[in-house]
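Residue numbers (our numbering): 152 to 1089.
Every residue, glycine too, gets a C-beta built ideally from N, C-alpha and C.
Just below is one structure, and these are the notes that go with it.
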Amino acid sequence: MDGPVERFYLEPDPTKGKKFRVLLNPTELEERQAKDFLDRMEIKQNRICYKEADAQFTYWSNITDESEAKAAKITELTAKSRDYELLEHIWVTWRNATGRKMRQLYTNYMTSENDTAKKKGFANAADMWTDSYNVSTFHSDIDKVWQELAPLYKKLHAFVRLKLVDVYGDKIDKKGPIPAHITGNPWAQAWNYLEDIVQPFKGLPSIDVTESLNNQGYTVVKMFKTAEEFFTSLDLMPMTKTFWKKSVLVRPPGVEMACHASAWDMCSAGDDEDFRIKMCTQKNHADFLTAHHEMGHIQYFMQYRHHPRQFRDGANPGFHEAIGDTLALSVATTKHLKRVGLLTPTQKRLHLFKENELDLNYLMKVALDKIAFLPFGYIVDKWRWDLFKGIASLDKMNAHWWKLREEIQGLKAPVPRTEEDLDPGAKNHVATGSKYVAYFVSFIIQFQFYEALCKISKEYEPNNPEKPLHRCDFYQNLDAGDVFREGMRQGSSLPWPDVMQIITGQRSMTAKPLRTYFLPLEKYLEKELAAAEECIGWGSLLFFFGAFYSVCGGPKTQLQHPAETGPKNLLEFQGQVEKANVKGLIPIIMSNASVWVIVKIAVLFINYSNRMNAAISNSVDGSIERFYLEPDPTQLKSFRVILSPTEIEQGQAKDFLDRMEVKHNHVCHLASAAQFEYESNITEESEAKALRGAADEMSKIYSTATICLPDGKCGLHLDPEITELTAKSRDYELLKHIWVAWRDATGRKMRQLYTNYMTSENDTAKNEGFANAADMWTDSYNVSTFHSDIDKVWQELAPLYKKLHAFVRLKLFDVYGDKIDKKGPIPAHITGNPWAQAWNYLEDIVQPFKGLPHIDVTESLNNQGYTVLKMFRTAEEFFTSIGLMPMTSTFWNKSVLVRPPGVEMICHASAWDMCSAEKDDFRFVSSEAKQVFIASMK
């Protein structure tokens, strides 16, 4: 990757050269510059992002992942075996090899993550992790959604438990939790491989198009062309030429590659629209559906590609997967497979005479994948949220994990567990610190999307048994395509509830459409469980069919099914869309659609050029208001209009820059204020708690270092004591002692830290595409020859410096005698400066005309009663005398111009732009103001 990139700037205002004192209104400048600025910055960001994405795509297309291979073998054994003891052995040994080994590391990680969140202004890391949803009630909203779907899950759980008794006998408690190791999945997160046990109509073949794909001569490319035709039938976009040219759709012969299917936005723009899929496709039913799912991600990428990069992402972290799965729900229907000619004659007859039975088998298959997953998708992050919030303690984290798994999921560990174990650590997402609730969100909202599109296409009609939701196929329906396009086109430029309303007509998550989809299966489960007099639930959560009494003898429990809601036709839907309130903001999270890529390489996908987003995500105050692009007023007039980027950005660019400036200033101000406060009130105790990392630790060492003198006097700071002694003394040995002592107190203590820092800085530079940190540090000069230019300038001035050096050396010989080599270097400790970086205090030795006093106003400052404030007022008057600005009221209120009594602070004079706009907050820091009169005029 090539790190140095062309820099872009706002064009100079053409009126500036006419009259220097004219202060132009910022809007006058931005009106004509904003669009040009966004366009050119977009080119820059796309170029950087493309190089990073291309490198990652190449890497993951040519890699052998040993751990993946091992996990695959464990997954296969867990899926196929019915040997209770063998499954128990696999379950235990996998957790011993993973979670148990990382127990202490995970404790440290969770503590550190919480500390980081608090520094950013969050109450805890749970709030920080879900801040991207920008809904203050998000945690409780997720709880409510779970309560909506829990009755369906418990019926599925009871039915599966009943069937597992037939296989494992009394190893299964008919009224208790299911042992976690026998569900066919290493984490019991999906129960697909129990299908042969729980299938409602055993022996009835499922609708699988693998045979047709092979008999009809389908190639992998034809599978993807068929998927593309699904999208174009909705009047959505076809794949680009680059997609077909650069995607990796089959594993190349002899090449090992990560085979998890993934979709890639390569960050290109213009004519070269580079979007790709990487997949080891096989000609089978599952991969036929996956092709449509992954192409759904590509369609989403293409639909929001016109936005600035800040908004080219899913509306919230669950949207991308939900989009892909919504399409897969339609494609997987028997109706769709028949329409595209992939059913065999036998399958057509089955569909004709056994449609209801096929439906129940299919719904069970989907439920084992999706319904069984939902409590796990809920628990993984709920467990971590509870730890972050202190609801459960870190020393009881494994007990809390099993408490949640039993209470919510109805599962139990097959063997006793202790706090030496960390069973959640057996899951990759926990071990890698990857957030998980997005999958739960995705599984909920995909059914909301699906129901809405099915209603719009009139493929689903509530209360019409001939058009149930689970049979809906919105293939070839332009109205459904219009709505879906409109939602996808927003990217993350609107708050996700606004995008949800565009697609569904409602603004919140709900499990009602999911319950509606599985309603035939739910009724079947109720019937079967009642006939078997099987209880639903486990432990104290039981209730029984038949008598319908809870275990505690409570009143009868009536089964509740979801009510039908939402718009009934396209006109009503459009009316709801046009009333949508579209204000607020959601940040960007999913840089890539693939779950595997998110887990493995999300950090490497960070666009280093996106400084604005970095400032936002690293804000001191985590709860700041977020901003979005305003909706384009023409977008709702005709759903099929595809506006060009220029049409949209022309009207949005100015507003975008204005609002992002407010946001950026707020973040910058908070960060600057915290740093200002820190440098003005630094103590060893507070700093030791506050600082992290090599650079901060070195700053602490330097800022708080003190030395002792040979006479035993200790506690001397750099400023003013060490600086003053070095300047005034001519005692060669004392100066040598001070020089050595200061370096012992600073540099010697930070040697290893500095090694770490330099290595880290170089690694950072290389990750951002630079050859080394030297190139990164000077990249802001935007001149490729900068280093050699500096060398040339030095060669120009070196002759003058050498003459000055020789003259000073000559005069120092008069003071120090043979301690000075008249033909050698000057000892560094006798130049009057702790670092020999300036030789001001040798003036009395080298002055050409000795005895002639120089102009120094210190005496006058004292004799005339100057205060520190008056010194700065005098400096201010210099600037106003030449028509420049006076200091602001905030400057005088908040600057630290003298060291407060009893306070340790960094005393180097410094000027601060606090990133404010309306407040005009600029400050100065000093401690011995009368000695820095000249410096004050900075």
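Q. Using CA coordinates, which residue listed in E424, L385, S357 and F382 is at the minimum distance from M398?
A. Taking the first residue of the sequence shown as position 1, residue 398 is located at position 247. This sequence places Ser at residue 398; Met is not what is there. Ranking the options by Cα distance to S398, first place goes to E424.
Q. Would DSSP call R1074 helix, strand or coil?
A. Numbered from its first residue, the sequence shown carries residue 1074 at position 923. If DSSP states are grouped into helix, strand and coil, R1074 belongs with the strands.
Q. Is the segment 301 to 317 in contact with the segment 661 to 673, if contact means three or more CB pairs nearer than 8 Å?
A. Contact between the segment 301 to 317 and the segment 661 to 673 is present, because at least three Cβ pairs lie under 8 Å.
Q. What did DSSP end up calling V401 once you bin it into helix, strand or coil?
A. Here residue 401 refers to the residue found at position 250 of the sequence shown. Coil.
Q: Going by CA-CA distance only, name the one from N614, D386, C431 and K396 that's closest to M408.
A: As a working mapping, residue 408 is identified with position 257 in the sequence shown. Looking at the Cα atoms, C431 is the closest of the given residues.
(Q) To test your reading of the DSSP string, which unbroken beta strand (DSSP E) runs of 3 or more residues are found completely within the segment 341 to 429? (A) The segment 341 to 429 contains these whole beta strand (DSSP E) runs: 413 to 416 and 426 to 429.
(Q) Considering Cα atoms alone, identify which of L514, Q652, N933 and A683 is closest to P619. (A) As a working mapping, residue 619 is identified with position 468 in the sequence shown. Comparing alpha carbon positions, the residue from L514, Q652, N933 and A683 closest to P619 is L514.
Q: Starting from the N-terminal side, write out each stretch of the alpha helix (DSSP H) that is 4 residues or longer and does not extend beyond the segment 277 to 327.
A: Correct list: 289 to 319.
Q: Classify A339 as helix, strand or coil using the three-state DSSP reduction.
A: In the sequence shown, residue 339 corresponds to position 188, counting from 1. Coil at A339, not helix or strand.
**Q.** Neighbourhood of Q350 by C-beta, 7 Å cutoff - its chain only, sequence neighbours within 5 removed
**A.** Residue numbering aside, residue 350 sits at position 199 when the sequence shown is read from its first letter. These residues qualify, in order along the chain: N512 and M515.
Q) What is the DSSP secondary structure of D109, reduced to helix, strand or coil? A) Nothing about residue 109 can be read from this structure; the chain reaches only from 152 to 1089.
Q: With a 10 Å radius around its C-beta and 16 neighbouring C-beta atoms as the bar for buried, classify P534 as buried or exposed.
A: For this step, residue 534 is matched to residue 383 along the sequence shown. Per the sequence shown, residue 534 should be read as Trp rather than Pro. So W534 counts as buried.
(Q) Considering only the alpha carbon of each residue, which of K663, G469, H551 and Q652 lies closest to W297? (A) One-based indexing of the sequence shown puts residue 297 at position 146. When only C-alpha atoms are compared, the closest one is K663.
(Q) Please identify the residue among K499, S854, I654 and A466 whose C-alpha is closest to the C-alpha of G642. (A) Position 491 of the sequence shown, counted from the first residue, corresponds to residue 642. If we check each option's Cα against that of G642, A466 comes out closest.
(Q) For W890, which residues in the same chain have their Cβ closer than 6 Å to its Cβ, ignoring the five residues on either side in sequence? (A) Translated into positions along the sequence shown, residue 890 becomes position 739. Cβ within range, chain order: H980.
Q | Inter-residue spacing [alpha-carbon to alpha-carbon] between T897 and A856 | A | The residue given as residue 897 occupies position 746 in the sequence shown. The residue given as residue 856 occupies position 705 in the sequence shown. Going from the Cα of T897 to the Cα of A856 covers about 6 Å.
**Q.** Residue of P404, K314 and H443 minimising C-alpha distance to M378
**A.** As a working note, residue 378 is residue 227 in the sequence shown. Position check: residue 378 holds Ala in this sequence, whereas Met was assumed. Residue nearest to A378 within the set P404, K314 and H443 is H443 (criterion: CA-CA distance).
Q) Can a CB atom of chain B be found closer than 9 Å to the CB of R246? A) Of the protein chains in the structure, only one exists, and it is not chain B.
(Q) Using the three-state DSSP reduction, which class does I858 fall into: helix, strand or coil? (A) Position 707 of the sequence shown, counted from the first residue, corresponds to residue 858. If DSSP states are grouped into helix, strand and coil, I858 belongs with the strands.
**Q.** Proximity to I977 [Cα-Cα], best of N984, R1024, L963 and W986
**A.** Here residue 977 is taken as the residue at index 826 of the sequence shown, counted from 1. Of N984, R1024, L963 and W986, the smallest CA-CA separation from I977 is found for L963.
Q: Taking only the alpha-carbon atoms, compute the straight-line gap between A698 and E684 and give it to the nearest angstrom.
A: Numbered from its first residue, the sequence shown carries residue 698 at position 547. Numbered from its first residue, the sequence shown carries residue 684 at position 533. Note that A698 has pLDDT 32, beneath the 50 cutoff, so the model's placement of it is unreliable and no number is given.
Q: Could you tell me the boundaries of the alpha helix (DSSP H) in which W534 lies?
A: Taking the sequence shown and counting its residues from 1, the one referred to as residue 534 is at position 383. In the DSSP annotation of this structure, the continuous segment of the alpha helix (DSSP H) that includes W534 starts and ends at F524 to K540.
Q: Would you give the residue range spanned by the beta strand (DSSP E) that W1043 belongs to?
A: What you label residue 1043 is simply residue 892 of the sequence shown in a count that begins at 1. Looking at the DSSP string, W1043 is not in any beta strand (DSSP E); the run it does join, the alpha helix (DSSP H), is S1040 to K1045.
Q) Which runs of the alpha helix (DSSP H), 4 residues or longer, sit entirely within the segment 585 to 651? A) Scanning the segment 585 to 651 from its first residue to its last, the whole alpha helix (DSSP H) runs of 4-plus residues come out as 588 to 607 and 629 to 640.
**Q.** CB of L545 within 9 Å of CB of T929, strictly
**A.** The count along the sequence shown starts at 1 and reaches residue 545 at position 394. The count along the sequence shown starts at 1 and reaches residue 929 at position 778. No, they are not a contact pair.
**Q.** Which listed residue (F1042, E617, L300 and G327) has its alpha carbon closest to that of P565
**A.** Numbered from its first residue, the sequence shown carries residue 565 at position 414. Considering only alpha carbons, the answer is G327.
Q: Report the rounded CA-to-CA distance for T370 versus Q461, giving the unit in angstroms.
A: What you label residue 370 is simply residue 219 of the sequence shown in a count that begins at 1. What you label residue 461 is simply residue 310 of the sequence shown in a count that begins at 1. Those two C-alpha atoms are separated by around 38 Å.
Q. Considering only the beta carbon of each residue, do V360 and F439 sit closer than 9 Å?
A. Within the sequence shown, numbered from 1, the residue matching residue 360 stands at position 209. Within the sequence shown, numbered from 1, the residue matching residue 439 stands at position 288. Yes, these two residues count as a Cβ contact at 9 Å.
Q: State the Cα-Cα distance for the pair F594 and S850, rounded to the nearest angstrom.
A: The residue you call residue 594 lines up with position 443 of the sequence shown. The residue you call residue 850 lines up with position 699 of the sequence shown. Those two C-alpha atoms are separated by around 48 Å.
Q.
Residues in the same chain with beta-carbon distance under 8 Å from T1031, minus the five sequence neighbours each way, listed in chain order, please.
A. Within the sequence shown, numbered from 1, the residue matching residue 1031 stands at position 880. Excluding residues up to 5 positions away in sequence, P1037 lie with their Cβ nearer than 8 Å to the Cβ of T1031 in the same chain.
Q. What is the DSSP secondary structure of I852, counted as helix, strand or coil?
A. Taking the sequence shown and counting its residues from 1, the one referred to as residue 852 is at position 701. In the structure shown, I852 sits in a helix (DSSP, three-state: H, G or I).
Q. Three or more C-beta pairs closer than 8 Å, one from the segment 519 to 535 and one from the segment 338 to 358: is that the case here?
A. Yes, the segment 519 to 535 touches the segment 338 to 358.
Q | DSSP state of Q727 mapped onto helix, strand, coil | A | Counting from 1 along the sequence shown, the entry for residue 727 is found at position 576. Bear in mind that a pLDDT of 40 at Q727, under 50, signals an unreliable position, so the model cannot answer this.
**Q.** Assumed close pair N336, T229 - CB separation to whole angstroms, cut-off 8 Å
**A.** To locate residue 336, count along the sequence shown from 1; it is residue 185. To locate residue 229, count along the sequence shown from 1; it is residue 78. That belief holds up - the Cβ atoms of N336 and T229 are roughly 6 Å apart, short of 8 Å.
Q: Assuming E610 contacts F598 (C-beta within less than 8 Å), just tell me the rounded distance between them.
A: As a position in the sequence shown, residue 610 is number 459, starting the count at 1. As a position in the sequence shown, residue 598 is number 447, starting the count at 1. At roughly 14 Å, the Cβ-Cβ gap does not stay under 8 Å, so E610 and F598 are not in contact.
**Q.** Touch test, the segment 639 to 653 against the segment 475 to 491, Cβ-Cβ under 8 Å, three pairs minimum
**A.** The segment 639 to 653, when compared against the segment 475 to 491, does not touch it at the 8 Å Cβ threshold.
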